[in-house]
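**Q** Submitted below is the structure of interest, expressed as structure tokens.
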Amino acid sequence: MTRRPAVPSRILITGASSGLGAVLAVVYAAPGVSLVLGARRLDRLESVAEDCRKRGAAVEIARIDVTDREETSAWVRAADESAPLDLLIANAGISGGTGGGEEPEDQTRDIFAVNLAGVLNTVQPVLSTMRTRGRGQIALMASIAGFRGFPGAPAYCASKAAVKVWGEGLRGWLAADGVRVSVICPGYVRTPMTDANRFPMPFLMDADRAADIIRRGLARNKGRIAFPWPMAFAGWLAGALPDALVDRLTRGFPRKS
């Protein structure tokens with residue numbers, strides 16, 4: 018019989034001041050749970066922390082820019098040294114696309130700096146300690162957009178694809194050491210990030226429901242938590258079909274601003 022992993026009691030979340038990061042913090046908040054929350058907006062983070070404390074959780078907060086490698090590494094290491102992390106959720110991310118007629122170089126570099134380098138800066142500091150302990154769980158926030166590059170958001174799709182594939186590789190590598198890794202691939206979720214979209218978003222999901230799916234998937238140690246399933250299937254299919262066909266189909270898709 019496979020032993021079910023213990024419920025995480027010490028959890029670190031980046032990008033926790035809004036969107037899925039904030040909702041996940043509240044979902045995990047409970048008596049006996051210690052949350053370590055980081056984000057750039059300290060005022061919003063204070064509000065999230067207060068909601069979590071009302072649910073009985075102990076909360077530590079810090080203003081963190083995940084693109085700053087030294088700052089992020091020091092914060093993550095200090096949190097883990099204070100009390101071993103059971104679960105790390107590398108959630109911080111930004112979006113953007115070609116809705117203005119182009120994808121500026123600065124925007125492209127910013128997206129990769131947060132969505133990819135920011136994930137590396139968050140996860141790398143705990144890899145060796147979790148392996149040494151023989152336990153721990155890492156969750157990487159990717160996206161269904163990472164299943165295939167789309168003309169409306171080339172950098173966003175590519176950054177999430179890199180996170181997805183890196184996480185899949187980490188999972189296979191670290192499994193023998195007792196460290197669990199899951200890649201989270203949501204479709205459209207109602208958050209401040211998607212509120213900026215001015216186009217129809219199929220299967221748009223409330224953040225509370227998305228957070229519950231993520232929590233249940235992590236508890237089951239799922240390698241890929243992709244939802245909703247029609248969007249996940251469409252993303253998989255787009256990655257499997259011939260390029261010429263997908264190019265024709267996606268040329269007229271809405272573009273992120």
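Here my numbering is used: the first residue of the sequence shown is 18, the next is one more, and so on.
Here a beta-carbon is modelled for each residue, glycine too, at the ideal position from N, C-alpha and C.
#1: In terms of residues, what are the limits of the beta strand (DSSP E) holding residue 102?
#2: For residue 247, which of helix, strand or coil comes out of DSSP?
#3: In the DSSP assignment, what are the bridge partners of residue 75?
#4: With burial defined as no fewer than 16 other Cβ atoms inside 10 Å of the residue's Cβ, what is the status of residue 74: buried or exposed?
#5: Could you give the DSSP three-state label for residue 20: helix, strand or coil?
#6: Quick one: what does DSSP say residue 218 is sitting in, helix, strand or coil?
#7: Quick one: grab the DSSP three-state call for residue 111.
#8: Over the uninterrupted beta strand (DSSP E) stretch that includes residue 259, give me the two end residues.
#9: Suppose you measure from the CA of residue 202 to the CA of residue 219; what does that come to, to the nearest Å?
#10: Rounded to whole angstroms, what is the Cα-Cα separation between residue 247 and residue 231?
#11: So residue 91 and residue 76 are supposed to be a Cβ contact under 8 Å. How far apart are they, rounded?
#12: With DSSP collapsed to three states, give me the class of residue 237.
**A** Looking at the atomic coordinates:
#1: Counting along the chain, residue 102 falls outside any beta strand (DSSP E), and DSSP gives it neither H nor E.
#2: The answer is helix: DSSP assigns residue 247 an H, G or I state.
#3: Here residue 75 is bridged, per DSSP, to 51.
#4: Around the beta-carbon of residue 74, 16 or more other beta-carbon atoms lie within 10 Å, marking it buried.
#5: Residue placement at residue 20 cannot be trusted, given a pLDDT of 47 that sits under 50; what the coordinates show is reported in the next sentence. In this structure, residue 20 counts as coil in the three-state DSSP scheme.
#6: Note: residue 218 maps to coil in three-state DSSP.
#7: Coil.
#8: Going by DSSP, residue 259 is part of no beta strand (DSSP E) at all; its letter is neither H nor E.
#9: When the Cα atoms are used, residue 202 and residue 219 turn out to be separated by approximately 15 Å.
#10: Going by the C-alpha atoms only, they are around 17 Å apart.
#11: Between residue 76 and residue 91 the Cβ distance is about 19 Å, and since that is not below 8 Å, they are no contact.
#12: Three-state DSSP puts residue 237 in coil, outside helix and strand.
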